[in-house]
Every structure is written in structure tokens, then in C-alpha cells.
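Going by mature numbering (1 follows the signal peptide of the UniProt record, and there is no 0), the letters in the sequence shown line up with residues -19 to -1, 1 to 287, in that order. Below is one structure, written out as C-alpha cells; comments come after it.
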Amino acid sequence: MKKVYTLFLLVFFGLNCFAQELYVGDGAEFYLKKGLDFTTSNTVVTLGTTGKFSVEAASTWGDSQEYVNGKVYVYGLGETKLPVGDNGVYAPVLLNHSIDSEAQYFNAIPTSGTNGADVDAVSDKEYWELNGQGIVTLPWIPASDITNLVTDNGGKLSSIAVVGLIGGVWNLTSATQTNVVTGDLSNGTVTTDSATEVVLNGFTQYTFGIDHQVVLGIDDLFISNDIRIISNPIDSDAESIQFVSASLDNLEVTIFDLLGRKISNQKNISVSSNRGSIAKPNLKSGIYLLKFEHEGKIGTKKILIK
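Put into C-alpha cells, the structure is as follows:
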């Protein structure tokens, strides 16, 4: 019979007497019921080689200061936050699961592999190992470098997808164009198809990738109009950003910094004789993103202010 050590009394007295780090030793299991008023006093939970940290389904415990440096198990079914992290990075997995499941996060380079037919690129910053079955939501932070992953591969945030490694190939874990993205380039989430659960042990690793079919839809703006920035890098004292393109009306351009913060938005920009001009705000030296929108098509270009 499996032994489960519920350390509620130890935690209770620890909270009221002194700050205490939680360590789950070899052969022991710490089980956290949902809704329990629980804290580790802003310390990370560490596990022995065979120590186990588990939560009840629908648990929402965990934050950037209190998470598990190792694998987290969840018993039951429901929507549960699995509070995993590694090496100072908190990267919780939200699972809407129909069976017992588990997750572990690695702040390390994923295993290299070839890209599947519908995957244009794969993150080289981090990965998760997951088991069970459910709908998966993965988070990113500035260190995830979603900015370069997106801007180097079509420039559309909505092209981000959850990808999984199987047999040395990175494939989409849900059907193309079914992932849902929230947030911006610096902080956000991506969720697999809400209508179809992922059999999690079908992939050995999970991370962020680019959905090729989404990119096809956004590349049309640049393929058909050949938008190119003139004199990039751009002088910091320049009053405008010049570009060439096929003639367009009602073009909208938004400028972002690399943290995804919007700096300016300009509408009704026209291109005449294949030239267009964007008023340049007072920008410090560095890299910025120009998001072009026209008749429902979107694309992004990088600029360098020198």
C-alpha cells in the first residue's frame, strides 16, 4: 500500500513559530488538498530522489516564491495548477485533466530534433515533461525569449503553439490553428485545443513552437506587398521611419519595445509611389518591433535605432 505523509500539523506549527523550508525526503509523499491555507514562507519546495509532492485536483497553490523544484502530481480530474519551477524560474502548468497527471519543468535547452511539417521553429530556452491526459496551458516570461521566436518566424504572436517531441521530431500537440494565445511578447500563455485532450505521455518533452499554417496566413501581407524598411538601422534623431511597399491605403502600424510594451499606434498610413512614412517617436537606441496591419493581415518587422 502506498504511504502518503500529510504533513499538515508540521506545516501548521511551522507557520506559527518560524519560517520553514519544505523538503520531501526519499520515500515520502507530501499531499496538498485544494483550498488549504498553506505556505512555505516564501521558500521553494525541494524533493529527495524519490520524494513526491502531490496536490488534489483543482488546487491553485503556488507562486513565483513558493513552488516545487521537481515533479508535481495531481490526483483526480479537473482544472489544476501544477506549481513547477527550476533554477529560479517559476513555470506552472495549468491542466484541465480527466485522469491523474504530472508535470516537471526544466530551465534548460530542450532535446534537439527536426521540425514536423506544421512546425516552423521550436524554442531553445526551456521545456516541460508531462504525463496524463488533458488540455495544456504553458506560460512564458521575458527569459523565455518569445520575442525572437515570434519575430524571426513570421511576427505573429498567435502563431505560438504547444509542441511536443516524439521520435526525434517536434510536432504540434493539437491540430494546426487550434492553440489559443493570451498576453504579449514578454508574458503570456498558450493553450492546446480546448475541444481535444492531449495524451501527455505521447510526447517526451513539451515547449513553444511556431504553427506553420498560422504563419502562412500572416505572411501574405509581406509577400504580396514586399514591405521593406529603408536605412535600417535608423538614426536616433530621424523624424520618421521610411519604408517601401506596393501602394496601400489605411495601413496601421504599431511600435513595440522588446518587452512587448506599446509605444505608439498610427492609423490611416498611405503608401504613394511605393513609399510610406511612419512618424518616429522619441526612441532610445535599441531594437524595436513594427507591427503592420492591413485588411486583416498582419506582419512584424524589426528595426534598430542607433
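For every residue, glycine included, the Cβ atom is placed at its ideal position computed from N, Cα and C.
Presumed contact (8 Å Cβ cut-off) between N134 and A156, rounded CB distance: By one-based count along the sequence shown, residue 134 stands at place 153. By one-based count along the sequence shown, residue 156 stands at place 175. About 19 Å; that fails the 8 Å criterion.
DSSP bridge partner residues for Y4 (one or two, in chain order): Taking the first residue of the sequence shown as position 1, residue 4 is located at position 23. DSSP lists T27 as partners of Y4.
Residue interval of the beta strand (DSSP E) (run including N263): Against the sequence shown, residue 263 aligns to sequence position 282. No beta strand (DSSP E) holds N263; DSSP gives it neither H nor E.
Residue interval of the beta strand (DSSP E) (run including N112): Counting from 1 along the sequence shown, the entry for residue 112 is found at position 131. Segment 108 to 112, the beta strand (DSSP E) holding N112.
Spatial neighbours of G164 in its chain, beta-carbon cut-off 7 Å, leaving aside the 5 residues before and after: Residue 164 sits at position 183 when you count from the first residue of the sequence shown. Excluding positions up to five away in sequence, the list reads T170.
Own chain partners of E233 with C-beta closer than 6 Å, once the 5 adjacent residues on each side are dropped: Numbered from 1 along the sequence shown, position 252 holds the residue referred to as residue 233. K248, E274.
Coarse secondary structure for N77, derived from DSSP in three states: As a first step, residue 77 is located in the sequence shown; it is residue number 96 there, counting from the start. Three-state DSSP puts N77 in a strand.
Exposure label - T177; buried when at least 16 CB within 10 Å: As a working note, residue 177 is residue 196 in the sequence shown. Answer is exposed; the Cβ neighbour count stays below 16.
Simplified DSSP state of I211, which is helix, strand or coil: On the sequence shown, position 230 is the one that residue 211 refers to. In this structure, I211 counts as coil in the three-state DSSP scheme.
Beta-bridge pairing of Y12 - partner residues as DSSP gives them: Here the question's residue 12 lines up with position 31 in the sequence shown. Partner(s): S35.
Proximal residues to T132 (C-beta, below 7 Å), its chain only, five neighbours per side dropped: The residue labelled residue 132 in the question sits at position 151 within the sequence shown. Closer than 7 Å at Cβ, skipping near neighbours: L270, T281, K283.
Local Cβ density within 10 Å of N160, reported as buried at 16 or more and exposed below that: Translated into the one-based positions of the sequence shown, residue 160 becomes position 179. Its Cβ being crowded by 16 or more others within 10 Å, N160 is buried.
Proximity below 8 Å, CB of G257 to CB of S251: Position 276 of the sequence shown, counting from 1, holds the residue named residue 257. Position 270 of the sequence shown, counting from 1, holds the residue named residue 251. Yes; because the gap between Cβ atoms is below 8 Å, this pair is in contact.
Close-in-space but distant-in-sequence residues of the same chain around G8 (CB under 7 Å, 5 per side omitted): As a working note, residue 8 is residue 27 in the sequence shown. Once the five neighbours on either side are set aside, the close Cβ partners of G8 are T31.
Inside the stretch 87 to 145 only - beta strand (DSSP E) runs reaching at least 3 residues: 100 to 103, 108 to 112, 114 to 121
Sub-8 Å separation of V74 and V65 beta-carbons: Here residue 74 refers to the residue found at position 93 when the sequence shown is read from its first residue. Here residue 65 refers to the residue found at position 84 when the sequence shown is read from its first residue. It is a contact, given that the beta carbons lie within the stated cut-off.
As assigned by DSSP and simplified to three states, the class of L181: Translated into positions along the sequence shown, residue 181 becomes position 200. Looking at L181 - three-state DSSP - the assignment turns out to be helix.
L63, DSSP secondary structure in three states: Here residue 63 refers to the residue found at position 82 of the sequence shown. In this structure, L63 counts as strand in the three-state DSSP scheme.
Rounded C-alpha distance that separates Y187 from E83: As a first step, residue 187 must be located in the sequence shown, where it is residue number 206. As a first step, residue 83 must be located in the sequence shown, where it is residue number 102. Their backbone Cα atoms lie some 13 Å apart in a straight line.
Counted within 10 angstroms of its Cβ, other Cβ atoms place N152 as buried (16 or more) or exposed: Translated into positions along the sequence shown, residue 152 becomes position 171. So N152 ends up on the buried side.
Where A142 falls, given that 16 or more other Cβ within 10 Å makes a residue buried: Position 161 of the sequence shown holds residue 142. It counts as buried.
Backbone CA spacing between I210 and L138 [nearest angstrom]: Sequence index remark: in the sequence shown, residue 210 carries index 229 (1-based). Sequence index remark: in the sequence shown, residue 138 carries index 157 (1-based). The straight-line gap from Cα to Cα measures roughly 21 Å.
Identity of the residue in A219, G115, Q85, K278 nearest L197 by Cα: Taking the first residue of the sequence shown as position 1, residue 197 is located at position 216. It is K278.
Three-state class that DSSP yields for I225 in the structure shown: As a first step, residue 225 is located in the sequence shown; it is residue number 244 there, counting from the start. Note on residue identity: the sequence assigns Val, not Ile, to residue 225. Strand, per DSSP.
Per-residue DSSP class, three states only, for V196: Here the question's residue 196 lines up with position 215 in the sequence shown. Note: V196 maps to helix in three-state DSSP.
Beta bridge counterpart(s) of I279 as assigned by DSSP: Reading the sequence shown from its first residue, position 298 is the one you call residue 279. In DSSP, I279 forms a bridge with E274.
Under the three-state DSSP convention, the category E83 falls into: Here residue 83 refers to the residue found at position 102 of the sequence shown. Correct three-state label for E83: strand.
Chain D within 8 Å of F34, Cβ atoms only: Judged by its chain identifiers, the structure shown contains no chain D, having just a single protein chain.
Segment contact flag, the stretch 40 to 60 with the stretch 22 to 31, C-beta cutoff 8 Å, min 3 pairs: yes
Same chain, Cβ closer than 6 Å to T118, neighbours up to 5 away in sequence not counted: Walking along the sequence shown from the start, residue 118 turns up at place 137. The residues are L75, T170, T172.
Rounded separation between V36 and A72 - CA only: For the purposes of this step, residue 36 is identified with residue 55 of the sequence shown, where counting begins at 1. For the purposes of this step, residue 72 is identified with residue 91 of the sequence shown, where counting begins at 1. Each residue's alpha carbon lies about 16 Å from the other.
The beta strand (DSSP E) enclosing L232, as first and last residue numbers: Counting from one through the sequence shown, the residue named residue 232 turns up at place 251. Per DSSP, L232 belongs to the beta strand (DSSP E) from 232 to 238.
Nearest-angstrom beta carbon gap, K15 and S45 [assumed within contact, 8 Å]: For the purposes of this step, residue 45 is taken as the residue at position 64 of the sequence shown. For the purposes of this step, residue 15 is taken as the residue at position 34 of the sequence shown. In fact, because the Cβ distance is near 20 Å, the residues do not count as touching under 8 Å.
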